Amino acid sequence: MIATQTPSIDWLAIAPVIALVGAALAVILVRAMIRHAPRVYEASIVVGFVGLTVAALFLARQWSEVRDSGSYLAISDMVAVDGFAVFVGTVVLIATGLVLLLSSKYLARRGIESRPEYVALLLLSAAGMLVMSTANDLIVVFVALETLSIPLYVLSAYDRRRSRSLEAGMKYFVLGAFASAVLLYGIALVYGATGTTSLLGSEGNVGIAQFLSQVTLLEEGTLIAGLMLLLVGLGFKIAAVPFHMWTPDVYEGSPTPVTAFMASATKAAGFAALLRILLTAFVDYRSDWRPAIWGLAVLTLVVGSVAALVQRDIKRMLAYSSISHAGYVLIGLEAGTRQGLEAALFYLLVYAFMTVGSFAVVSVVGRRDDRHLIEDYRALGRDRPALAALLAFFLLAQAGVPPTGGFIAKLGVFAAAADARSYALLLVGVVASVIAAFFYLRVIVVMYASEDVEEATEAPAAARARVDAPTAVVLAVCAAFTLWVGILPTVTLEFARHAHLVN
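Structure, rendered in structure tokens:
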């Protein structure tokens, strides 16, 4: 008889994930119990928020445990319970909650079938993101990536009436599958070079970090090739150039709340995996991956900012803006320091509120055919002054204008770059910020243009837009947080400062 030892399960470590998966399953059961379509969708929204609340309570318990007893590894060292995971999990839950609230009336307003499966897919994708934020094993990273990606493929093509939505789902699926294959190949090469997929091991379990610190490889080619392939696979998820080609089309074709979800939560999860892998497993190879991150950051900043200048569709413009924002987070990662990690995490949190707020405005402004041309925002300041003011505020925050959270976030990554003596990258970031200011200001100028607008079918749909209560709550929360962090950033900065990686 062969004796096997099953790993002990720390239920607190995976409790937030269980809460979201349980809520997703409950939503599917609600569909079978309530037959009336409007009621079942409303009930599924409520169940979704219950699941998010329970997951948040478990995250708070994890934070208390980490602060009192320190970070630790669980479930055969496959899961890390640390401040970093709690911070990223908080970003994911907040973004998911805001998007769920934004979606509650959006589907019906756009004539899209309101089905509880939409909520279940959002929750399952968020569960995958939570797993990715805690993953201490490359295999777990891959499983988490697929768990968060597969629901997003379906959500991107959720509006089956529109060819652009179906095209978005197909492009995302094909390119996402390719990126996953590249990531898996990279994992295989790293395993071949080190004999393990664990990022950080403990007693009796040697991880990649311990192996590389104790063993001198005579031939590093396999390891470096594997590391570069890992960067390619995760670079797709964070929309870093040159792995960004899917982003504009998918962002434009997907339902706007789904676009907001991908721009905020998905980006945070992708960066969580990238930060943990590089700053734990490959921290001794900083001199090898820093030049690669430097190049990615420069390309991402330049291409994202310049390409956004020529866009006529505001969702495509925000897509390229999202690409450029990934470049700023990469600046913090390139520093390779504790300060850089804190700046990157803080940026991801603030960016989530700024981008969800921007897409919340976009969700109620646009033509009846769901197009979102920038020209349609002409005279929005006259027809819907509150909406125009909010969108202008979010765009200025993304440009890094004080006293918004965007200013503090950019200041943080620039300070980290200066501290790491990455002066050239710092200069590129400043120039990219100046370029970005132009395309943000272009939208603001259009909104407050004084030219008369004919009240015909070609007139801006803003004149007919109606902000429902859930969308108003999302706008208020995003605006309040962005302003609060810009004026009083201490609490949020302290949260990021205590988001330590397990070591």
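Residue numbering for the sequence shown follows the working numbering, starting at 4 and increasing by one per position. Cβ atoms here follow ideal geometry from the backbone N, Cα and C, with glycine treated the same way. Bear in mind that the values here come from a model prediction, so they are computed numbers and not experimental data.
Which listed residue (the options) has its alpha carbon closest to that of residue i
i	options	result
Tyr451	Arg385, Val43, Asp316	Arg385
Leu321	Ser183, Val476, Ile37, Leu444	Leu444
Val440	Phe397, Asp422, Ala419	Going by the sequence as given, residue 440 is Ala instead of Val. Among Phe397, Asp422, Ala419, the Cα nearest to that of Ala440 is on Phe397.
Ala138	Phe246, Leu281, Leu60, Phe410	Leu281
Ser366	Ala263, His328, Gly408	Ala263
Tyr448	Val480, Ala382, Ala435, Ala479	Per the sequence presented here, residue 448 reads as Val, with Tyr not at that position. Ranking Val480, Ala382, Ala435, Ala479 by Cα distance to Val448 puts Ala382 first.
Ile490	Leu202, Val476, Phe410, Ala435	Phe410
Leu302	Thr358, Glu116, Leu348, Ala242	Ala242
Ile31	Ser67, Ala18, Ile48, Leu15	Ile48
Ile115	Ser168, Leu429, Ile317, Val433	Ser168
Val332	Arg341, Ser79, Ala284, Ala412	Ala412
Val284	Tyr350, Gln213, Ile334	According to the sequence as given, residue 284 is Ala; it is not Val. Comparing Cα positions, the closest option is Gln213.
Val353	Thr93, Thr56, Ala26	Thr93
Asp422	Thr495, Leu496, Gly339, Phe442	Gly339
Ala392	Gly298, Phe90, Leu478, Met132	Leu478
Ser159	Val57, Thr485, Leu124	Leu124
Leu430	Ala389, Trp297, Ala268, Leu60	Trp297
Ala355	Met81, Phe417, Val95	Val95
Tyr121	Leu178, Val480, Leu299, Val261	Val261
Arg70	Asp85, Ile17, Asp80, Met81	Asp85
Gly51	Val313, Ala300, Val209, Val24	Val24
DSSP bridge partner residues for residue i (one or two, in chain order)
i	result
Asn208	Ser205
Ala77	Val82
Leu376	Asp316
Ala138	Val82
Sequence-distant residues of the same chain with beta carbon closer than 6 Å to residue i, five excluded per side
i	result
Leu108	Rather than Leu, the amino acid found at residue 108 in this sequence is Lys. Only Asp471, Pro473 meet the Cβ criterion.
Leu232	Val185, Tyr188, Gly189
Val306	Val244
Phe87	Ala502, Leu504
Glu345	Ala499, Arg500
Ala395	Ile447
Thr197	Ile211, Phe214
Residue i - DSSP class collapsed to helix/strand/coil
i	result
Met4	Here the model assigns Met4 a pLDDT of 46, short of 50, so the residue's position is not dependable, and the following value carries that caveat. Coil, per DSSP.
Ile12	coil
His247	coil
Gly330	helix
Asp162	coil
Ser128	helix
Phe285	coil
Trp487	helix
Ala412	helix
Tyr156	helix
Ile280	helix
Ser47	helix
Thr262	helix
Arg118	coil
Own chain, CB closer than 7 Å to residue i, minus 5 neighbours either side, in chain order
i	result
Ala310	Tyr323
Met135	Val144, Ala147, Leu148, Leu151, Ala272, Ala275, Ala276
Asp13	Ala77, Ile78
Pro508	Residue 508 cannot be examined here, being either before or after the span of the chain that is shown, 4 to 506.
Own chain, CB closer than 8 Å to residue i, minus 5 neighbours either side, in chain order
i	result
Arg315	Leu376, Ile377, Glu378
Phe246	Ala182, Val235, Gly238, Phe239
Pro119	Val30, Ile31, Val33, Arg34, Val43, Tyr44, Ala46, Ser47
Do the stretch 244 to 253 and the stretch 167 to 179 meet, that is, are 3 or more Cβ pairs less than 8 Å apart? Touching, per the Cβ criterion.
Taking three-plus beta-carbon pairs below 8 Å as touching, is the stretch 214 to 231 in contact with the stretch 291 to 304? The answer is yes - the stretch 291 to 304 touches the stretch 214 to 231, with three or more Cβ pairs under 8 Å.
Would you check if the stretch 388 to 406 and the stretch 263 to 280 touch, i.e. whether three or more CB-CB distances between them fall below 8 Å? With fewer than three CB-CB distances shorter than 8 Å, the stretch 263 to 280 does not count as touching the stretch 388 to 406.
Inspect the CB distances between the stretch 336 to 356 and the stretch 431 to 438 and report whether three or more fall short of 8 Å. The stretch 336 to 356, when compared against the stretch 431 to 438, does not touch it at the 8 Å Cβ threshold.
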